[in-house]
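Let me begin by presenting the structure, written as structure tokens, before commenting on it.
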Amino acid sequence: MGAQSSQASPQSSGVTVGWVVQQYLKQPVTMAQLALGSGLIQIFSLGMPIFYLVIFDRVFGRQNLDTLDVMGIGMILILTFDLLVKLVRTVMLDDLLKRVDKVNLEGFLDQILSTPLSQLTPTQNRNVADKYNKLLSLNLSMGNALMVSLFDGVFSLLVIGVLFLMNASLAAIALAPLIPMGMMMFWITPLVKTRIKDFDKTRQGSQVKLLESLDNAEAVRSLYAEQMLEKQVLDLSDESVQKSYGPRFDRVNVRSVQGAIGMIGSLALLYVGAHLVLAGEITFGVYLAISMLGRSVMATVSKLFESILEFQEMTQMFDAKEMEAVFGTPKASDSIQKVSDVKGIVLESAKGEWTIKDLSFRYDPESKLVLENLNLNIRAGEKVVITGKSGSGKTTLLRLLQRLYLPEQGYIMLDGYKLTEIDEESLKNNVGLVLQRPALFSGTLKENIALGMTDVSLKDVSDAASLAQLDEYVLSMPKGFDTPVMAQGANLSTGQAARVAMARTFIRKPSVLMLDELTASLEPAMQANLFRQILTRYQDKTCLFVSDFAPIHRKADKIVVLRDGRIDEIGHYDELTSVKGAYYYLHKPELIGSQYS
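Each residue of the sequence shown is one higher than the last, beginning at 24 in the working numbering.
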């Protein structure tokens, strides 16, 4: 999914019937076959009324049994072919749906997985998943109902032409109900749009509140806030249920009114048709054929109107901004842009020499700077500790070094190349980052450690696990590396999850290693052993540690102290502790005073 999808985005009006039809028109061969099938079905639909016309006018009127036999055989053949064509059309529709579904969802996922990280929050991610399901439903409704109705509606013009050839005045009466039905659809559609938007907004609010309560269950229970949150969720759910009645009531009303209009039209057709038959202007067979064909057209148009109404209801769950977020690319004015498709210099094995010049960054254009005018040089092979108070920008700096985000101003260079000039895959292979919050996925230990890698041996997995101090845990489990891991590592302790995340980075054997406070969840003895092995294994490679573990501070070549996104102090451990500056007070809690508050 590296390449930007060629999927056309909807216009600012959001999802429309026309936009979705365009997606289907991109499959011209299948669409042509479907058009042919729908045309044949409409032609076959003429057969039964014409057979009735012939039987009543020729067989009953002239006592012609030979004609009856021929008509009977013809009716059986027509019904058989009609059934076969409908079955074939259903299969083709299913195939078309799958192909369009694949194209739409590929475009959806390509855009979502390339979305700037600053735009991905837990709530937004759940909304994305909700829209993913809506898109599936949208395609399903299109394939199962609206597309068939559109084809049948177009080819019903053929039936209308035959009606007027039989008798223009009676055909006009048979089709007259279409006028009030069309006016009703014109009136009801805006109302449905408004009600569906209100319902979907309330429904999403209820879901978000429920998910927030579940995600923070421990905090809710510790505060004894269950009843209050339960009431909030129930109130929102009640409001959602109440607002859901509106669209359902509209659909029932549409069906009822359409039925009443159809009944009035049938009575008018019967009255006028009877007069014409008695006056000898038409035969009873012609009246019967016109009545049957008129009902067929009415049913087709009614189905089309209802399908459009249902489709409008579904598309109102997307608005223009949401669809731009789904299928559009981030605006050029955004400080964070999509960079996953950047192709450039390939580093076989980075030396690990970093140059950071006038670096400034913020996660949101309206928020304050997280890093401001930061300058730093790191020599190849250096072991650097980055420290500072919470919120000082430590984690953000590591993220920028792996180009998870782009700076607002300034630049970062690795081995003399700007990060934006380096191939994305090459950069990620050379710069290994273990994030502060390890991300684990449902599967096995092996699958989590080898995530994103296709050709990995069990020995590689075992070596990485050993370096991450995970081997003892693996040996204690009956299934070893095939031990199941629940979603988000729910069945692992914080320390175990951290070590799995470290093993995932170690197995890639990066040229530059960056650890973000992961060892804080480990026991001191395990931390010491882990850092000892890392310093031995990566003795010639550049390593950056965000850690408060004192022994690694003593062994570091350089300690960088951040404060409010700026470098407050930099130097060796002995140097920084002797001057009793920012670093000294930061790591001597008993001496913290106004100088570093």
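Beta carbons: idealized from backbone N, C-alpha and C, even for Gly.
Quick one: is residue i near chain D, going by C-beta distance under 7 Å?
| i | result |
| --- | --- |
| I379 | Looking for chain D here will not work: only one protein chain is present. |
Whose C-beta lies closer than 6 Å to the C-beta of residue i among residues of the same chain, with five residues either side of it excluded?
| i | result |
| --- | --- |
| M537 | L421, L456 and L567 |
| Q425 | V454 and L456 |
| P7 | Residue 7 lies beyond the range of the chain shown here (24 to 620); nothing can be said about it. |
| V479 | A473 |
| L327 | S172 and G176 |
| M208 | F328 |
| I78 | M94 |
Could you tell me which residues DSSP pairs with residue i in its beta bridges?
| i | result |
| --- | --- |
| W377 | I401 and L437 |
| V457 | L538 |
| I409 | V569 and V583 |
| R589 | R586 |
| T383 | Residue identity differs from the one stated: residue 383 is Ser in this sequence, not Thr. Beta-bridge pairing links S383 to Q432. |
| T467 | P507 |
| G184 | Per DSSP, none; premise fails for G184. |
| L394 | F384 |
| G594 | I582 |
Does DSSP classify residue i as helix, strand or coil?
| i | result |
| --- | --- |
| D446 | coil |
| V508 | strand |
| N276 | helix |
| P353 | Bear in mind that the predicted position of P353 carries a pLDDT of just 47, short of 50, making it unreliable; the figure below should be weighed with that in mind. Three-state result, P353: coil. |
| Y607 | helix |
| E495 | helix |
| L515 | coil |
| E546 | coil |
| G475 | coil |
| S363 | Reliability of the predicted coordinates at S363 is poor, the pLDDT of 43 falling under 50, and no value is obtained from them. |
| I530 | coil |
| A343 | Confidence at A343 is low in this model, with a pLDDT of 44, below 50, so the placement of that residue should be treated as unreliable; the coordinate-derived value is given next. Helix at A343. |
| I99 | helix |
| I368 | strand |
| Y310 | helix |
| R426 | coil |
| S358 | Caution applies to S358, whose pLDDT of 36 falls short of 50 and renders its modelled position unreliable; the model cannot decide the point. |
| S480 | coil |
| I331 | helix |
| N452 | helix |
| G70 | helix |
| A302 | coil |
| E129 | helix |
| M500 | coil |
| V602 | helix |
| N190 | coil |
| K224 | helix |
| E253 | helix |
Less than 7 Å between C-beta atoms, sequence neighbours within five positions excluded: which residues of the same chain meet that for residue i?
| i | result |
| --- | --- |
| K502 | none |
| L418 | Before going further, note that residue 418 is Thr rather than Leu in the sequence given. Q459, D539 and V569, listed in sequence order. |
| H576 | V408, I582 and Y596 |
| R527 | N471, I472 and L474 |
| V182 | Q65, S68, L69, L316, S319 and V320 |
| Q511 | L463 |
| S601 | none |
| G285 | P200 and M321 |
Which residues in the same chain as residue i place their Cβ atom closer than 8 Å to its Cβ, once the five residues preceding and following it in sequence are excluded?
| i | result |
| --- | --- |
| K581 | I401, E405, K406, V407, V408, I593, G594 and H595 |
| Y75 | G308, L311, A312 and M315 |
| Y47 | M54, L119, V123, M165 and M170 |
| K603 | none |
| L450 | L370, Q425, R426, L437 and L442 |
| I287 | P200 |
Roughly how far, in whole angstroms, is the beta-carbon of residue i from the beta-carbon of residue j, given that I think they are within contact range, below 8 Å?
| i | j | result |
| --- | --- | --- |
| S68 | S319 | 6 Å |
| S565 | G375 | Residue identity check: residue 565 is Thr in the sequence provided, not Ser. T565 to G375, Cβ: 3 Å. Contact. |
| L259 | S236 | The Cβ separation is near 11 Å, so there is no contact. |
| I64 | V114 | About 14 Å separates the two Cβ atoms, so there is no contact after all. |
| E395 | S383 | 5 Å |
| V508 | L498 | At roughly 17 Å, the Cβ-Cβ gap does not stay under 8 Å, so V508 and L498 are not in contact. |
| V256 | T410 | Actually they do not touch by this definition, with Cβ atoms about 42 Å apart. |
| L397 | I379 | 6 Å |
| S325 | Q281 | 5 Å |
| I530 | D483 | 6 Å |
| E444 | G367 | 5 Å |
For the ligand HEM, any of its heavy atoms closer than 6 Å to the Cβ of residue i?
| i | result |
| --- | --- |
| L106 | Inclusion of the ligand HEM in the displayed structure is not the case, the ligand content being empty and no account of it being possible. |
Could you say if the stretch 479-496 and the stretch 431-438 meet the contact criterion of at least three C-beta pairs nearer than 8 Å?
no
Does the stretch 173-191 come within contact of the stretch 275-287, defined as at least 3 CB pairs closer than 8 Å?
no
Counting beta carbon pairs with one atom in the stretch 190-199 and one in the stretch 284-292, are three or more of them shorter than 8 Å?
yes
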